[in-house]
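Trainee: In the working numbering, the protein residues as written are 1292 to 1563.
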Amino acid sequence: MAPHKRAEGEKVGSSEAEKVGRSKGKKVGRSEGEKTLRPSSVLTFLPSSSLLRPPSPLTFLPSFAVLPALLVLVLAGGCESELDRDPMARSYFLSPHKDVRRLGRVVFLELENRSSYPEMAPAVTDALFLETQKRQVFGVVVVHRDDPAWQDLQAHIDSLGALQQLEAARTLLNANGLLVGTVTRYEPYPHLVIGLRLKLIDLADGQILWGLEQVWDSSDRGLRRRIRASLWENRFTGPSPLREELVVISPLNFSKFVAYEVAGTFERHRRR
């Protein structure tokens, strides 16, 4: 009988232990559950969607690595905009001490010709005269090659620095400025090329107020862009592939474009 009672005791003990364990497990589970965060409180601590996005690569770059790159971009943009504003900047000189607009009247001697095409000198001279008149920077009077005054002035251009020569030129021309120059180059094929050398002399003291030396090559891509920009300024015609092509194949139209750019350099005082 004793072994049977011990077996029952063991069963009873084990069943009671299981009950106590289950009751304790429930109590422990509730106490731990009370200490854990509720679902609503968990959601409030989740990061926003913006924080879950992958960080930008620049956030890991130090400031000393980013600033030089930005500086290069700014400088490059500034240089480009400057060239767009004044594509002839490296081709001419304009005195910062005197304003060419105060000359009043300027005598323009027909250009000398150093190319193999003597007809280009009067053609470019006429184009420059018309463009200068449009700008209205100063009054212009042309003295052609067949005028005796042209021969006399051309022979004494290099000695105009003398006060006596300057006074004589002012009296003869009744002007305050003298514009002289040379067609240094002209090539009609395989593509149009025109070269000029010009200077504007103040007859009051013989100083050079303005000077230019440049070669215009119709095959240059940068020149093509400038031709297109000049056509945009003409509100009556406007740009078109046909008009742009006529400028680079016609000596007359190409001379007009060259004159347009040359005359534009006289107006730099107005843009400052």
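C-beta: ideal position from N, C-alpha, C; glycine also.
What number of angstroms, rounded off, separates the C-alpha of valine 1506 from the C-alpha of leucine 1464?
Mentor: Roughly 30 Å separates the two Cα atoms.
Trainee: With a threshold of 6 Å on Cβ separation, who are the neighbours of arginine 1436 within its own chain once the five nearest residues in sequence on each side are excluded?
Mentor: Glu1401, listed in sequence order.
Trainee: Between Ser1509, Leu1500, Leu1470, Asp1496, which has its C-alpha nearest isoleucine 1485's C-alpha?
Mentor: For the residues Ser1509, Leu1500, Leu1470, Asp1496, the minimum Cα distance to isoleucine 1485 belongs to Ser1509.
Trainee: To which residues of the same chain is leucine 1457 closer than 8 Å at the C-beta, ignoring the five residues directly before and after it?
Mentor: Once the five neighbours on either side are set aside, the close Cβ partners of leucine 1457 are Leu1451, Leu1494, Ala1495, Asp1496, Gly1497.
Trainee: Could you say which of Leu1514, Lys1425, Val1539, Leu1537 lies nearest to methionine 1379 if we only look at CA atoms?
Mentor: Measuring from the Cα of methionine 1379, the nearest candidate turns out to be Leu1514.
Trainee: Please go through the same chain and pick out, in chain order, the residues whose beta-carbon is closer than 6 Å to the beta-carbon of glutamate 1504, but skip the five residues on each side of it.
Mentor: If we look at glutamate 1504 and ignore the five residues flanking it on each side, its Cβ neighbours are Arg1488.
Trainee: For a quick check, are the C-beta atoms of threonine 1423 and valine 1431 less than 8 Å apart?
Mentor: Contact: yes.
Trainee: Contact defined as beta carbons within less than 8 Å: I believe leucine 1470 pairs with leucine 1491. What is the distance between those atoms, to the nearest angstrom?
Mentor: The pair is a contact, with the Cβ atoms about 5 Å apart (cut-off 8 Å).
Trainee: How long is the line joining the alpha carbons of arginine 1534 and methionine 1411, rounded to whole angstroms?
Mentor: Whole-angstrom Cα-Cα distance: 22 Å.
Trainee: Use the C-beta contact count for leucine 1444: other C-beta atoms within 10 angstroms, 16 or more gives buried, fewer gives exposed.
Mentor: Looking at its Cβ environment, which holds 16 or more other Cβ atoms inside 10 Å, leucine 1444 is buried.
Trainee: Nearest by alpha-carbon distance to glutamate 1549: which of Leu1419, Arg1381, Asp1390, Asn1404 is it?
Mentor: Reading off the sequence, residue 1549 comes out as valine, not glutamate. The shortest Cα separation from valine 1549 among Leu1419, Arg1381, Asp1390, Asn1404 belongs to Leu1419.
Trainee: On the DSSP bridge assignment, give the partners of tyrosine 1408 in chain order.
Mentor: DSSP, once it has assigned bridges, lists no residue as partnering tyrosine 1408.
Trainee: DSSP on glutamate 1422, reduced to helix/strand/coil?
Mentor: DSSP places glutamate 1422 in helix when its eight states are reduced to three.
Trainee: Helix, strand or coil, according to DSSP, for phenylalanine 1384 in the structure here?
Mentor: Residue state, collapsed to three classes: strand.
Trainee: In whole angstroms, what is the alpha-carbon distance linking valine 1428 and glutamate 1536?
Mentor: Going by the C-alpha atoms only, they are around 30 Å apart.
Trainee: Please report whether the beta-carbon of alanine 1440 lies at a distance below 8 Å from any beta-carbon of chain D.
Mentor: Any reference to chain D falls outside this structure, which holds one protein chain only.
Trainee: According to DSSP, simplified to helix, strand and coil, what is arginine 1512?
Mentor: Helix, per DSSP.
Trainee: Between which residues of its own chain and tyrosine 1408 is the CB-CB distance below 6 Å, once the five residues before and five after are set aside?
Mentor: Here the set comprises Tyr1477.
Trainee: Cα-Cα, which of Asp1417, Lys1425, Ala1440, Glu1558 is closest to asparagine 1544?
Mentor: Nearest C-alpha to asparagine 1544: Asp1417.
Trainee: With 16 other CB atoms within 10 Å as the buried threshold, where does threonine 1556 fall?
Mentor: Result: buried.
Trainee: Report the residue ranges of all alpha helix (DSSP H) runs contained in full by the region 1465-1527; include only those spanning at least 4 residues, in chain order.
Mentor: Correct list: 1512-1523.
Trainee: Anyone know if the C-beta pair for leucine 1542 and leucine 1483 falls short of 8 Å?
Mentor: Checking the sequence shown, residue 1542 turns out to be proline, not leucine. Yes. Within cutoff.
Trainee: Tell me the rounded alpha-carbon separation between glutamate 1524 and glutamine 1442.
Mentor: Between glutamate 1524 and glutamine 1442, the C-alpha separation is close to 38 Å.
Trainee: Give me whichever residues DSSP pairs with arginine 1396 in a beta bridge.
Mentor: Answer by DSSP bridge pairing, in chain order: Gly1430.
Trainee: Determine the closest residue to arginine 1405 out of Gln1455, Pro1413, Ala1440, with distance taken between C-alpha atoms.
Mentor: The shortest C-alpha separation from arginine 1405 is found at Pro1413.
Trainee: Within 10 angstroms of its Cβ, does tyrosine 1383 collect 16 or more other Cβ (buried), or is it exposed?
Mentor: Buried, by the Cβ-count rule.
Trainee: Using only CA atoms, which one of Glu1558, Val1553, Arg1517 lies nearest to valine 1538?
Mentor: That would be Arg1517, whose Cα lies nearest to the Cα of valine 1538.
Trainee: Thinking just about the alpha-carbon of each residue, which of His1388, Lys1389, Phe1399 is nearest to the one in alanine 1554?
Mentor: Among His1388, Lys1389, Phe1399, the Cα nearest to that of alanine 1554 is on Phe1399.
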